[in-house]
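Q: Start counting the sequence shown at 4; every next residue gets the next number (our numbering).
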Amino acid sequence: MTNIIKLEENLENLNELIELFGSNDKNLKLLKRLYKVNIYSNNKNIMVDTEEEFIIQSIKKMFYILIQLIRNSINFNERDIIYIKNLLSKNEVEDILSLFINRVEIIKTFNGLPIYPKTLNQLRYVEAIEKNVLIFGIGPAGTGKTYLAVLSALKKLKGNSIKRIILTRPAVEAGENLGFLPGDFLEKVDPYLRPLYDAMYDILGVKQTTEYIEKGIIEIAPLAYMRGRTLDNAYVILDEAQNTTINQMKLFLTRLGFGSKMIVTGDITQSDLPKRMVSGLVKAGEILQNIDTVEILYFNEFDVVRHPLVQTIIKRFEHDQN
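Now the structure itself:
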């Protein structure tokens, strides 16, 4: 049975209709796949071949949101539509719209382009970094955990709120066995720090990033080198924290100094630790709940900002391993 969805706001012109459906109706075709129903239009109303009230209401909200984005001159793509659809079951329309329309700029790139959170969890993560001393970002690859941590640190550095940024991670694997690789530590670990470099290059450019590293304003150090240090007036980011042992995590967290902030990122499903060894990231997530100025934020596959297929791949692997 075909149901008519009367749009809450009439489309004002043909251009709005074209933007709404996308070139060659690509947005409409995507929505058909997502909702698994036939959707078509007579240019005034949307017709849906279903009697499921939940689907009808979700599609109605979807078109309302997309029309508001068009009228606010906000471009959206396939990933955005998929993300909005996933949000609709648990979030209010106005909350979803606020993510896109009332966007909070994190920082500008080296070329002057603003960077915004792309998901609600990214927004919560950036806000948590601003408000807390110790922040954990836990979730799958591609959710922006490390990238946003580095951007937040660079914003404070550029604003002279901190004196330095320290980037660390377990070197390749939990045992930090890098001896078989050629070169000094930085040369050995460089390929594994590429996401951190990319974030810095985006904001500072290659030249200034290199200068900051040479001057020690940005320090890249193996986790083992944190022993015995107290880190004051710094943003300290521990990446790939799922590969830390409990003792390594304790070592890192107890380096916290005055005027500093620590951000710990990792994916607990991608640990390289021996199977029977508990990850320091897992343990920290369990025992550091409900502490003032500590925030533990979990990302999921819907927060992945890479190609939409990555969400499906993550979901299939997780289900296969359960």
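All C-beta atoms in this analysis are idealised placements derived from N, C-alpha and C, irrespective of residue type, glycine included. These numbers were taken from a predicted model, which means no experiment stands behind them.
(1) Around the Cβ of Phe66, are there at least 16 other Cβ atoms within 10 angstroms (buried) or fewer (exposed)?
(2) Please tell me whether Thr248 and Met280 are closer than 9 Å, where the distance is taken between their beta carbons.
(3) In the DSSP output, what is Thr268 paired with across the bridge?
(4) Per DSSP, what are the beta-bridge partners of Val239 in this structure?
(5) How would you label Ser274, buried or exposed, when you count the other beta carbons within 10 angstroms and need 16 or more for buried?
(6) When you compare the CB positions of Thr171 and Val239, do they come within less than 9 Å of one another, or not?
(7) How do the segment 26-46 and the segment 80-92 stand: do at least 3 beta-carbon pairs fall below 8 Å, yes or no?
(8) Would you kindly work out how many angstroms separate the C-alpha atoms of Val209 and Lys64, rounded to a whole number?
(9) Which stretch, first to last residue, makes up the alpha helix (DSSP H) that contains Tyr86?
(10) I need the DSSP call for Gly178, collapsed to helix, strand or coil.
(11) Would the segment 243-257 count as touching the segment 125-134 if we require 3 or more Cβ pairs under 8 Å?
(12) What span of residues does the beta strand (DSSP E) with Val281 cover, start to end?
(13) Among Leu23, Ile58, Ile168, Glu222, which has the Cα closest to the Cα of Ile7?
(14) Would you report the Cα separation of Leu234 and Asp201, rounded to the nearest angstrom?
(15) Taking the continuous alpha helix (DSSP H) assigned at Met252, which residues delimit it?
(16) Could you please give me the residues that DSSP links to Tyr128 through a beta bridge?
(17) Please name the residue or residues paired with Asn293 in a DSSP beta bridge.
(18) For Leu31 and Ile49, I'd like the C-alpha separation in whole angstroms.
(19) Tell me whether Leu184 sits in a helix, a strand or coil according to DSSP, three-state version.
(20) What residue range does the alpha helix (DSSP H) around Pro198 cover?
(21) Would the beta-carbon of Phe79 fall within 9 Å of that of Leu284?
(22) DSSP state of Asn105, grouped into three classes?
(23) Can you tell me whether Glu298 is buried or exposed, with buried defined as 16 or more other CB within 10 angstroms of its CB?
(24) Just to confirm my understanding: we take Ile266, look at its own chain, exclude 5 residues before and 5 after, and list those with CB closer than 6 Å. What are they?
(25) Any idea if Asn105 is buried or exposed, counting beta-carbon neighbours within 10 angstroms, 16 or more meaning buried?
(26) Secondary structure at Leu72, three-state DSSP: helix, strand or coil?
(27) For Ser44, which of helix, strand or coil comes out of DSSP?
(28) Quick check: the Cα distance between Asp306 and Leu100, rounded to an integer number of angstroms?
(29) Looking at Gly25: is its Cβ nearer than 9 Å to the Cβ of Ile165?
(30) Assign Thr5 to one of two classes, buried (16 or more other C-beta atoms within 10 Å of its C-beta) or exposed (fewer than that).
A: By the coordinates alone:
(1) On the sequence shown, residue 66 is found 63 positions in, with the first residue counted as 1. Buried is the call here.
(2) Locating residue 248 in the sequence shown gives position 245, where the first residue counts as 1. Locating residue 280 in the sequence shown gives position 277, where the first residue counts as 1. Their beta carbons are under 9 Å apart, which means Thr248 touches Met280 by this criterion.
(3) Here residue 268 is taken as the residue at index 265 of the sequence shown, counted from 1. DSSP output for Thr268 lists Gly140 as bridge partner(s).
(4) As a working mapping, residue 239 is identified with position 236 in the sequence shown. Ile169, Met265, per the DSSP bridge assignment.
(5) Locating residue 274 in the sequence shown gives position 271, where the first residue counts as 1. Buried, since its Cβ has 16 or more Cβ neighbours within 10 Å.
(6) Here residue 171 is taken as the residue at index 168 of the sequence shown, counted from 1. Here residue 239 is taken as the residue at index 236 of the sequence shown, counted from 1. Yes.
(7) yes
(8) On the sequence shown, position 206 is the one that residue 209 refers to. On the sequence shown, position 61 is the one that residue 64 refers to. For Val209 and Lys64, the distance between alpha carbons rounds to 44 Å.
(9) As a first step, residue 86 must be located in the sequence shown, where it is residue number 83. Run containing Tyr86: 81-90, per the alpha helix (DSSP H) assignment.
(10) Translated into positions along the sequence shown, residue 178 becomes position 175. Bear in mind that a pLDDT of 44 at Gly178, under 50, signals an unreliable position, so the number given afterwards is only what the model happens to contain. Note: Gly178 maps to coil in three-state DSSP.
(11) no
(12) Position 278 of the sequence shown holds residue 281. Val281 -> no beta strand (DSSP E), and no H or E assigned at all.
(13) By one-based count along the sequence shown, residue 7 stands at place 4. Closest option to Ile7, Cα to Cα, is Ile58.
(14) Position 231 of the sequence shown, counting from 1, holds the residue named residue 234. Position 198 of the sequence shown, counting from 1, holds the residue named residue 201. Those two C-alpha atoms are separated by around 24 Å.
(15) Here residue 252 refers to the residue found at position 249 when the sequence shown is read from its first residue. 249-256 is the span of the alpha helix (DSSP H), which, as asked, contains Met252.
(16) On the sequence shown, residue 128 is found 125 positions in, with the first residue counted as 1. The partner list for Tyr128 (beta bridge, DSSP) is empty, contrary to what the question assumes.
(17) Within the sequence shown, numbered from 1, the residue matching residue 293 stands at position 290. Partner(s): none; Asn293 has no beta bridge.
(18) Within the sequence shown, residue 31 is the residue found at index 28, counting from 1. Within the sequence shown, residue 49 is the residue found at index 46, counting from 1. Approximately 10 Å, taken between the alpha carbons.
(19) Locating residue 184 in the sequence shown gives position 181, where the first residue counts as 1. With a pLDDT of only 46 at Leu184, under 50, the local geometry of the prediction cannot be trusted, and no value is derived from it.
(20) By one-based count along the sequence shown, residue 198 stands at place 195. Here the alpha helix (DSSP H) through Pro198 covers 197-218.
(21) For this step, residue 79 is matched to residue 76 along the sequence shown. For this step, residue 284 is matched to residue 281 along the sequence shown. For Phe79 and Leu284, no; Cβs fall outside 9 Å.
(22) Along the sequence shown, one-based indexing puts residue 105 at 102. Of the three classes helix, strand and coil, the one that applies to Asn105 here is coil, per DSSP.
(23) As a working note, residue 298 is residue 295 in the sequence shown. Buried, by the Cβ-count rule.
(24) Walking along the sequence shown from the start, residue 266 turns up at place 263. Contacts found: Ile138, Ala152, Ile240.
(25) In the sequence shown, the residue the question calls residue 105 occupies position 102. With fewer than 16 Cβ atoms within 10 Å of its Cβ, Asn105 is classed as exposed.
(26) Translated into positions along the sequence shown, residue 72 becomes position 69. Correct three-state label for Leu72: helix.
(27) The count along the sequence shown starts at 1 and reaches residue 44 at position 41. Correct three-state label for Ser44: strand.
(28) Your numbering for residue 306 matches position 303 in the sequence shown. Your numbering for residue 100 matches position 97 in the sequence shown. C-alpha separation (whole angstroms): 16 Å.
(29) Here residue 25 corresponds to residue number 22 of the sequence shown, with the count starting at 1. Here residue 165 corresponds to residue number 162 of the sequence shown, with the count starting at 1. Not in contact: Gly25 and Ile165 (Cβ atoms no closer than 9 Å).
(30) Looking up residue 5 in the sequence shown gives position 2. Thr5 should be labelled exposed.
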